[in-house]
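A.B. asks: Dropping a structure here in structure tokens format, bear with me for questions.
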Amino acid sequence: MMILTDKKPRVQIENILTAQEIHDIEHYMHHYPDPRAASLDALKIVQKRNGWVDDAQVAGVAQMLGIAVTDVEGVATFYNRIYRQPVGRHVILLCDSIACYLMGSEDLAAGLMDHLGIRYGQTTPDGRFTLLPICCLGNCDKAPTIMIDEDTLDLVSIQQIPELLEDYA
Amino acid sequence: MSSTTGTSEQLRTSLPVPIHGNGTAETRPLTWRLAQRDEVLDIETYESLEGYQGLKKALGMGAEQVQAEVKNATLRGRGGAGFPAGIKWSLLPKADGGPRYLVCNADEMEPGTFKDRLLMEKLPHQLVEGMITSGFAIGATCGYIFIRGEYIKAARHLNEAIEQAKAKGYLGKNILGSGYDFELYVHTGAGRYICGEETALINSLEGRRANPRTKPPFPQVAGAWGRPTIVNNVETLNNVPAIVLRGAEWYKSLSAGKSPDPGTKIYGASGKVRFPGLWELPLGTTGREILEQYAGGMRDGLSLKAWLPGGASTDFLLPEHLDLPMDFDTIMKAGSRMGTGLIMVVDETQSMVALVRNLEEFFARESCGWCTPCRDGLPWGVKLLRNLEQKQGRTGDVELLQELTKNLWIGKTFCAHAPGAMEPLQSAIKYFRPEFDACVRDDAASLPPVTQA
Amino acid sequence: MATIYVEGKEYPVSGADNLLQACLTLGLDIPYFCWHPALGSVGACRQCAVKQYNNADDQAAGKGRLVMSCMTPAVDNTYISIDDAEAKAFRASVVEWLMTNHPHDCPVCEEGGHCHLQDMTVMTGHDRRRYRFTKRTHHNQDLGPFISHEMNRCIACYRCVRYYKDYAGGTDLGVYGSASNVYFGREKDGVLESEFSGNLVEVCPTGVFTDKTHSERYNRKWDMQFAPSVCQQCSVGCNISPGERYGELRRIENRFNGDVNHYFLCDKGRFTHGYVNRDDRPRQPQHKQLGNLVNLSVDAALDKAIASLKGKKVLGIGSSRASLETNHALRDLVGAEQFSTGMTRREQALIEQVIQLQRTEGIHVPSLREMEQYDAVLVLGEDVTQTAPRIALAIRQAAKLEAEKMAAERKTQDWLAEPVSRIGQHAKSPVFLLSVTETRLSDIAVGECVASPVDIARIGFAVASHLSGAPATGLSEEALEFARDIADTLKAAKKPLIVSGTSLLEPALLEAAAAVTQALGAEAGLTLVVPEVNSIGLGLLGGKPLEEALAGEGSDFDALIIAENDLYRQLPKVIVQQVLSKCPTIVVLDHQLTQTAKQATLLLPAASFAEGDGTVVSQEGRAQRYFQIYDPSYYNPEISIREGWRWLHVIKAGLANLPVSWTVLDDVIEDLARAQPLLSGIQDAAPDAGYRVKGLKIAREPRRYSGRTSMRANLSVHEPRAPQDADSALTYSMEGYVGPQENSALIPFAWAPGWNSPQSWNKFQDEVGGHLKAGDPGVRLFDRLPKVPARTYVAPAAQTDAESVYRLLPLYDLFASGEMTQRSDVMHSRIAPAHFSLSSTDADRLGVKEGQALQVSSGAESLILPVSIREYLPIGMIGYPAGQVVPMPTDQPVSVQPALAAAGA
Ligand SMILES: Cc1cc2nc3c(=O)[nH]c(=O)nc-3n(C[C@H](O)[C@H](O)[C@H](O)COP(=O)(O)O)c2cc1C
Ligand code: SF4
Ligand code: FES
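Which chain is which? The protein sequence lines are L, E and X, in order.
In case it helps, the working numbering puts the first sequence at residues 3 to 171.
In case it helps, the working numbering puts the second sequence at residues 10 to 462.
In case it helps, the working numbering puts the third sequence at residues 12 to 916.
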């Protein structure tokens, strides 16, 4: 007879997640009394690989945390900055909230769209940029503001755009 | 970028004033260190500037005494609602040996608000000290700083500060030999305004969708992982070490008779002002002082049309309200809320319809999708406003919007998100109704005449 | 108790409920969506707003505030107004918002006519559209054969996920997105995995989740004819409300029974109805003449039967899937000595044992609903998810008691769904699962053990020993410790429940369950699962087991009457073949063309539950009556389906030259009650045919039943009189009584004025979500029977087989094992081909891989099936697909070898 009082789910994620990803997710799991809490951390970790999270990664995260895939998907699709579709190499987040709006974010958005030839939610054909709106970046004293990847850019003007984007190959 | 060509007579300064003014530890408890050094990042500098003295004193005083001090100081929460921190803490049930949590609300996504960012980027240890001290006071076993994912630098600085504090024995087991254990973690979000609502924040911390939770039971009774939990704003917690160090009476004197609310407040201004920025000032400083003395007045000779006293979810006020002291009760009486205390300035060239459309788009997009009025009512409001902005409004549209402002009000929605969205809308209609009416097209007149067969 | 004031009027309420529930219980209508009596309150939809006042003065002064009634406790001195103008206007707004994205596709929506959203929209008075913009749209998913998905209709009440995940423990339905773009569905297209997915169609207040099995031959609820019925697919006896149109069973819905299934069915019960509509069903008597089948009229068939049975020694074989009435009629016809239950010796012994245990002094057998209130559960061997699924769902609820207890300690009411789970976190009331393989309740178990049936019994006995202070021996230290842990946990519980059953064909399991229950004392409950809907009824009726009747003393019969029993499912093929081939007269009554029916010399079309009345006794000993839903001959006069008991009684009368004395159902029940004192209680299971409400019979058809005059236009434009039902108080008409009654056993369908959806059960309940007014249907027979004295039981010896010895183990599958499930087309995609299950250890030992064929032989019987490797299975045991293949011996070793040929069932 087999007595199973401790039924840890058998996790087979080695072929879905990289060793580094697994290591990093485990690191965050230790921060909380319940591994579920690391779901957002984990999604951000796996998102680093390709800039977005694919189905297999969602399943991998679910397995690691011992929660349902649907729970992970529910989280992944709730938050603004987890991407469940491919994005460009760089994601441009343009703050369209009130302070930036007052300082001309709509013109800036139009300028960016013109320059990149895409609209919100789209990726340039060369796969370089995806453009998304974002709510207040907490940088209102330096409006209008955009965020490219991890960089917050202050007082952005339409004229600066070509030069600013050069840093993001 | 900012133009300095404005020559308004009202301008009393021509240079930006730094956040701390001429502050000292006695007058500007939150930012005086920045007067010494622009960024206080490493623990040694912080320690050399009275750093961790509040914590040390607290550990000596005992938890009850610290709680009493904070309660006496009547420190009101800086997250927007102004609930007294001491009272919130006192609602915790008696310790039962199980874990209890202190969570710092560093989600700061209220449009127009950028104060917590500065505190965390430049003074990370002050928050860490505030959390350990507050954690000690409430008997918390573990703390989390829930910081929005876009505050990358702030999160980095906080993590560094936590490592340094750990190395020095301010964090971890048996802190400074007191027997008190406290772990502190930085939890980064991934962008959702609703995560700032304290119960949604707890859901998010637990790795769930950030829907707000049923209250009661309040977080104090059943919060994170069902355990007693206190959620406080960054600025609130930043106040705690100084209160412990200098006492409640000193803290009360800080507002210098400007307001019955004690302490200083980080005020700020954005929008069409000459010097957008942040300033730590006595609570009760007037809007006019902030706008004219600190923000340098309107830029480009523009004139003030309206202002939001403390974020997107507060009611618009008019120029005539500028002389009111910016404190919780006065601004409330004037028909708005002090909110985060960071004013946003609208000049007379701005269409209020367009502005409110922008605000409502924000709120509609950031609704969590849990309750009907907010989830389905806000998008309707946005569509009406877009129509109005394009001068395609119909008779009754403005009334429909007003109906929304009544129906998406406190108690009718599940949380305060939708009522927050209604504040700027209702006040914009209240003060600028003709602008809205002007966007209504009289369909009967503009339609081609009906030809009878 | 508490007093609340609604519009100034004083009402007594329980005080434990929320205002919404309290008002609905009082019969006051408040619209709502996200609240559900079984799911609690979450305050999401905001539809249930009322005005609350601090006191009468404030009310008089109009000083109140809107509250959500579902989130507000109905405590003493609560003052509210439902009619308040602001509250009304707000409620109308809520529906208006929901409608901004709802497609208004009622005419093509299958929910139409029994839609809670429609009802609530009417109730709030919202009838003008002011929203002039576009609506958001979603794509739909393919969720498998049972459920359609139409997301555009979603009103985001979150009920589906709360039911599916929180209530039923499913994992593959979730909520995604946010703001005005929330989406409820699977992560991707695919079959919903939960055994309880069908309840989504009733839980969803609109047409997002609808019954796909009904789609192909769809009609409105108001165009269906219903009868109160009882699910025939397992021994739990859930109450159902099947709907018929044009002589076809169209769908099955839940029928509320507050003691049994309350709001929920399992998917097997809900979706197994295709067998009733099968084309190949016997619908006319048939006679075999020179190998050809010839249709007969009813009279000719009866003559034929009487002629061919006259003077013969007749053996009658009954069935546990047939009604008591039919079994009794057969027994009455052939005589007790010549009556076989149609059960195998082993099965019958087990059933008799179950009856004995349930009648034992001091042993309490809970109802299904009661099971949800046991704070510790021990399952011995029975895989209830596969054999009596609704019990699994009840055990799942029992596991939640711990969270409710923790919440109560923090003054949080049990109906506050989210806070209760927040406070409870992972806390669960203890559930121990001792099983032969992994089970679907695993996620709620605190302790699990996989062992052979005998070993499970031995652990059970060890638990009992520990409880009575006599240390157990003969088990490994680990097993003893496990048993001690179980014993201590059960002892610490207020109400422990022991669950077992007959499916593993191991009597020691039942004894172990009884021993533990007895050792625990009066608060403990014992639930024993039996195979069929009427196994207990038949066991109480009694008769010879099959083997004895066919081969024992007096087996020199020369005629056979087999009532609704496919012998090939009971005994090895060779034996059945032998019996049938030597018997010149074989009269078979069945509603299915079974392998046995195909061998009949005279085949009489018997009624299924849909075309006949009858009584069945569930595993708890609850006698319940089901009623004819429709008369098939109304649509096609050539159809001559009759209840088994009717055929049999007329044959009996003919053989004995007696007048027909049972003309209506009440006659046979009366006779049965007289002849079988143990079963006399069944008379009270439902009112007799003379029952009337307000002088009326009970309408089978809803008020708006349409098209009756043209229903038979293909046959004749003259509309005949509707069939008359002399057997019951129900009528084939919409002209009759509809609504709550003094007797709850005769509610055909859920409907009340303004309430067309299943939510209308509210109107039939004493307390909303509680029990039906005037009591829940059914009679618990064992409560009425004299008890037998308690006895002691002895643990079985260990099975010490040599390493190379293999034994068989029946493994059950919810869909694959059921006789009628297999005969329902919609199930085919849910039934995996028959296979042997092996542990990987044994697969290695035998040198077979997944999918390869294995030959298992026992005596002359031999079976080749492909192999499927399971993670958990006792070593030396081979699982065979019970119900999918001929019965296999489990009590002796079998010989096993890899088969070279390709496998085939
Ligand atoms: C929609 C919504 C967003 C909020 N966002 C924030 C926020 O970003 N930061 C914050 O500190 N408080 C926010 N709050 C207030 C918090 O719910 C809570 O009151 C606050 O964190 C308590 O801290 P305090 O007592 O120290 O002010 C928000 C409230 C609502 C309703
Ligand atoms: S008001 Fe309702 S939908 Fe809006 S954020 Fe709060 S709970 Fe979510
Ligand atoms: S039923 Fe009360 S809020 Fe939904």
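In this text, a Cβ means the ideal position worked out from N, Cα and C, and glycines have one as well.
Only a predicted model underlies this, so the values are computations on that prediction, with no experimental measurement involved.
Evaluate contact between the segment 209-217 of chain E and the segment 414-426 of chain X, counting only Cβ atoms and requiring at least three cross-stretch pairs below 8 Å.
C.D. replies: Counting Cβ pairs under 8 Å, fewer than three are found: no touch.
A.B. asks: Helix, strand or coil: how does DSSP classify residue 775 of chain X here?
C.D. replies: The residue given as residue 775 of chain X occupies position 764 in the third sequence. Reduced to three states, the DSSP call for residue 775 of chain X is helix.
A.B. asks: Report whether the distance from the Cβ of residue 124 of chain X to the nearest heavy atom of ligand 3 is below 6 Å.
C.D. replies: Taking the third sequence and counting its residues from 1, one reaches residue 124 of chain X at position 113. Checking every heavy atom of ligand 3 against the Cβ of residue 124 of chain X, none is found closer than 6 Å.
A.B. asks: Taking a Cβ distance cut-off of 8 Å, strictly less, list which residues of the segment 497-523 of chain X are near chain L, in chain order.
C.D. replies: The segment 497-523 of chain X vs chain L, Cβ under 8 Å: nothing.
A.B. asks: Report yes if the C-beta of residue 81 of chain X is less than 6 Å from at least one heavy atom of ligand 2; otherwise report no.
C.D. replies: Residue 81 of chain X sits at position 70 when you count from the first residue of the third sequence. No, the Cβ of residue 81 of chain X stays beyond 6 Å of every heavy atom of ligand 2.
A.B. asks: When you compare the CB positions of residue 569 of chain X and residue 324 of chain X, do they come within less than 7 Å of one another, or not?
C.D. replies: Looking up residue 569 of chain X in the third sequence gives position 558. Looking up residue 324 of chain X in the third sequence gives position 313. It is a contact, given that the beta carbons lie within the stated cut-off.
A.B. asks: Measuring only between beta-carbons, confirm whether residue 374 of chain E sits less than 7 Å from chain X.
C.D. replies: Counting from one through the second sequence, the residue named residue 374 of chain E turns up at place 365. It does: the Cβ of residue 374 of chain E has a partner Cβ on chain X nearer than 7 Å.
A.B. asks: What runs of the beta strand (DSSP E), each 3 residues or longer, lie entirely inside the segment 287-353 of chain X?
C.D. replies: Complete beta strand (DSSP E) runs here, min 3: 297-300, 303-306 and 325-328.
A.B. asks: Flag this pair as touching only if the segment 366-382 of chain E and the segment 49-56 of chain X have three or more C-beta atom pairs under 8 Å; answer yes or no.
C.D. replies: Contact holds: three or more Cβ-Cβ distances are below 8 Å.
A.B. asks: Any heavy atom of ligand 1 closer than 6 Å to the beta-carbon of residue 2 of chain E?
C.D. replies: Residue coverage of chain E in this structure runs from 10 to 462, which leaves residue 2 of chain E outside it and unanswerable.
A.B. asks: Does at least one heavy atom of ligand 1 sit under 6 Å from the Cβ of residue 195 of chain E?
C.D. replies: Residue mapping note: residue 195 of chain E aligns to position 186 of the second sequence, counting from 1. Every heavy atom of ligand 1 is 6 Å or more from the Cβ of residue 195 of chain E, so no.
A.B. asks: Cβ closer than 7 Å: which chain L residues qualify as neighbours of residue 189 of chain X?
C.D. replies: As a first step, residue 189 of chain X is located in the third sequence; it is residue number 178 there, counting from the start. 80, listed in chain order.
A.B. asks: Which word fits residue 115 of chain X, buried or exposed, when buried means at least 16 other C-beta atoms lie within 10 angstroms of its C-beta?
C.D. replies: Residue numbering aside, residue 115 of chain X sits at position 104 when the third sequence is read from its first letter. Burial call: exposed.
A.B. asks: Verify the contact flag: residue 426 of chain E, CB atom, against every heavy atom of ligand 2, threshold strictly below 6 Å.
C.D. replies: In the second sequence, the residue the question calls residue 426 of chain E occupies position 417. Residue 426 of chain E: yes, Cβ under 6 Å from ligand 2.
A.B. asks: Is any beta-carbon of chain C found at less than 7 Å from that of residue 63 of chain L?
C.D. replies: The structure shown contains no chain C; the protein chains it does contain are L, E and X.
A.B. asks: Alpha carbon to alpha carbon, how far is residue 93 of chain L from residue 147 of chain L? Give it in angstroms, no decimals.
C.D. replies: One-based indexing of the first sequence puts residue 147 of chain L at position 145. One-based indexing of the first sequence puts residue 93 of chain L at position 91. In a straight line, the C-alpha of residue 147 of chain L is about 14 Å away from that of residue 93 of chain L.
A.B. asks: Would you say residue 76 of chain L reaches chain E, if we count a Cβ-Cβ gap shorter than 7 Å as a contact?
C.D. replies: Residue numbering aside, residue 76 of chain L sits at position 74 when the first sequence is read from its first letter. With 7 Å as the cut-off, residue 76 of chain L counts as an interface residue toward chain E.
A.B. asks: Which of helix, strand or coil does DSSP assign to residue 356 of chain E?
C.D. replies: What you label residue 356 of chain E is simply residue 347 of the second sequence in a count that begins at 1. Strand at residue 356 of chain E.
A.B. asks: Indicate whether residue 494 of chain X and residue 470 of chain X have their beta-carbon atoms separated by less than 7 Å.
C.D. replies: Taking the third sequence and counting its residues from 1, the one referred to as residue 494 of chain X is at position 483. Taking the third sequence and counting its residues from 1, the one referred to as residue 470 of chain X is at position 459. Closer than 7 Å, so yes.
A.B. asks: At a threshold of 6 Å, does residue 294 of chain E count as lining ligand 2 (C-beta to nearest heavy atom)?
C.D. replies: Walking along the second sequence from the start, residue 294 of chain E turns up at place 285. No, Cβ of residue 294 of chain E sits at least 6 Å from all heavy atoms of ligand 2.
A.B. asks: List the whole-angstrom C-beta distance separating residue 461 of chain X from residue 883 of chain X, where the pair is believed to meet the contact cut-off of C-beta under 8 Å.
C.D. replies: Residue numbering aside, residue 461 of chain X sits at position 450 when the third sequence is read from its first letter. Residue numbering aside, residue 883 of chain X sits at position 872 when the third sequence is read from its first letter. With a Cβ gap of about 4 Å, residue 461 of chain X and residue 883 of chain X count as contacting.
A.B. asks: In chain order, what residues of the segment 101-118 of chain L put their CB closer than 7 Å to some CB of chain E?
C.D. replies: Cβ contacts with chain E: 101, 103 and 104.
A.B. asks: Between E/288, E/419 and E/397, which lies nearest to residue 409 of chain E when the distance is taken from Cα to Cα?
C.D. replies: Within the second sequence, numbered from 1, the residue matching residue 409 of chain E stands at position 400. Nearest of E/288, E/419 and E/397 to residue 409 of chain E, Cα basis: E/397.
A.B. asks: Among E/391, E/403 and E/384, which one has its Cα closest to the Cα of residue 451 of chain E?
C.D. replies: If you number the second sequence from 1, residue 451 of chain E lands on position 442. Checking every option, the nearest Cα to that of residue 451 of chain E belongs to E/403.
A.B. asks: Please report whether the beta-carbon of residue 185 of chain X lies at a distance below 7 Å from any beta-carbon of chain L.
C.D. replies: Here residue 185 of chain X refers to the residue found at position 174 when the third sequence is read from its first residue. At least one chain L Cβ lies under 7 Å of residue 185 of chain X.
A.B. asks: When the Cβ atoms of the segment 353-368 of chain E are set against those of the segment 83-103 of chain L, are three or more pairs found closer than 8 Å?
C.D. replies: Enough Cβ pairs lie closer than 8 Å, so yes.
A.B. asks: Assign residue 371 of chain X to one of three DSSP states: helix, strand, or coil.
C.D. replies: What you label residue 371 of chain X is simply residue 360 of the third sequence in a count that begins at 1. Strand, per DSSP.
A.B. asks: Verify the contact flag: residue 44 of chain X, CB atom, against every heavy atom of ligand 3, threshold strictly below 6 Å.
C.D. replies: Position 33 of the third sequence, counted from the first residue, corresponds to residue 44 of chain X. Checking the Cβ of residue 44 of chain X against ligand 3 gives yes.
A.B. asks: Do residue 45 of chain L and residue 78 of chain L have their beta-carbon atoms positioned less than 7 Å apart in this structure?
C.D. replies: Residue mapping note: residue 78 of chain L aligns to position 76 of the first sequence, counting from 1. Residue mapping note: residue 45 of chain L aligns to position 43 of the first sequence, counting from 1. Contact flag set, yes.
A.B. asks: Quick check on residue 69 of chain L: does DSSP put it in helix, strand or coil?
C.D. replies: Your numbering for residue 69 of chain L matches position 67 in the first sequence. Reduced to three states, the DSSP call for residue 69 of chain L is coil.
A.B. asks: Which bits of chain L does residue 883 of chain X rub up against, with CB to CB less than 7 Å?
C.D. replies: Working through the third sequence from its first residue, we reach residue 883 of chain X at position 872. Correct list: 4.
A.B. asks: Can you determine whether any heavy atom of ligand 2 sits closer than 6 Å to the C-beta of residue 389 of chain E, and answer yes or no?
C.D. replies: Counting from 1 along the second sequence, the entry for residue 389 of chain E is found at position 380. No, ligand 2 has no heavy atom inside 6 Å of this Cβ.
A.B. asks: Any idea what DSSP makes of residue 224 of chain X, helix, strand or coil?
C.D. replies: The sequence position of residue 224 of chain X within the third sequence is 213, counting from 1. Of the three classes helix, strand and coil, the one that applies to residue 224 of chain X here is helix, per DSSP.
A.B. asks: I want to verify the contact list: residues of chain L whose CB lies under 7 Å from the CB of residue 493 of chain X, in sequence order.
C.D. replies: For the purposes of this step, residue 493 of chain X is taken as the residue at position 482 of the third sequence. In chain order: 5.
A.B. asks: Just to confirm the assignment: which complete alpha helix (DSSP H) runs, minimum length 4, are found wholly within the segment 461-526 of chain X?
C.D. replies: Within the segment 461-526 of chain X, the complete alpha helix (DSSP H) runs of at least 4 residues are 464-478 and 488-503.
A.B. asks: Within a Cβ cutoff of 6 Å, which residues of the same chain sit near residue 330 of chain E, ignoring the five residues on either side of it in sequence?
C.D. replies: By one-based count along the second sequence, residue 330 of chain E stands at place 321. If we look at residue 330 of chain E and ignore the five residues flanking it on each side, its Cβ neighbours are 343.
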